[in-house]
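Going by my numbering, the first residue of the sequence shown is number 34, and it counts up by one from there.
Cβ atoms here follow ideal geometry from the backbone N, Cα and C, with glycine treated the same way.
Written out below as structure tokens is the structure these notes cover.
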Amino acid sequence: MHFDDGDDGKFVDERGYLRFSDSGKLVHRSVAEKQLGRKLEKDEVVHHNNRKKLDNRPQNLTVFASQDEHQAEHEAAGDFTDENFWRW
Ligand SMILES: [Zn+2]
Numbered sequence: 034m035h036f037d038d039g040d041d042g043k044f045v046d047e048r049g050y051l052r053f054s055d056s057g058k059l060v061h062r063s064v065a066e067k068q069l070g071r072k073l074e075k076d077e078v079v080h081h082n083n084r085k086k087l088d089n090r091p092q093n094l095t096v097f098a099s100q101d102e103h104q105a106e107h108e109a110a111g112d113f114t115d116e117n118f119w120r121w
């Protein structure tokens with residue numbers, strides 16, 4: 034897969050997340066903040082409903098208050114959980 038997405042102002046970081054080239058901010062967190070109409074708290078986790086880290090459409094994102102709640106969602110869904118679970 035080719036991750037150089039040209040001049041749309043974003044790049045994929047080493048963890049597989051899309052970031053804005055200028056600020057380095059994570060795109061999915063920015064999209065979630067726009068949806069919420071406020072900044073995310075540090076402990077809040079943005080979850081990708083379809084497990085695709087590059088799918089940052091608002092309808093694919095769910096905000097959890099903590100990593101514990103986020104993990105519970107994956108466990109309830111029966112996702113394989115390893116050290117990478119939080120990446121979704
Ligand atoms: Zn998740």
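CB of residue i within 9 angstroms of CB of residue j, strictly
i          : j          : result
leucine 51 : leucine 87 : yes
Close Cβ partners of residue i (< 7 angstroms) along its chain, the five nearest in sequence each way excluded
i                 : result
proline 91        : Val64, Gln68
phenylalanine 113 : none
aspartate 46      : Arg52
glutamate 127     : Residue 127 cannot be examined here, being either before or after the span of the chain that is shown, 34 to 121.
arginine 62       : Leu73, Val79
Cutoff 8 angstroms; reference residue i; Cβ partners in own chain excluding five residues on either side
i             : result
asparagine 82 : Gln92, Asn93, Leu94, Thr95
Cβ shell of residue i (< 6 angstroms), same chain only, five flanking positions each side left out
i          : result
serine 99  : Asp76
glycine 49 : Lys86
Residue nearest to residue i in terms of C-alpha spacing, selected from the options
i          : options                    : result
glycine 57 : Gly70, Arg71, Glu66, Gly42 : Gly42
Closer than 8 angstroms: residue i CB and nearest ligand 1 heavy atom
i             : result
arginine 84   : yes
valine 78     : yes
glutamate 102 : no
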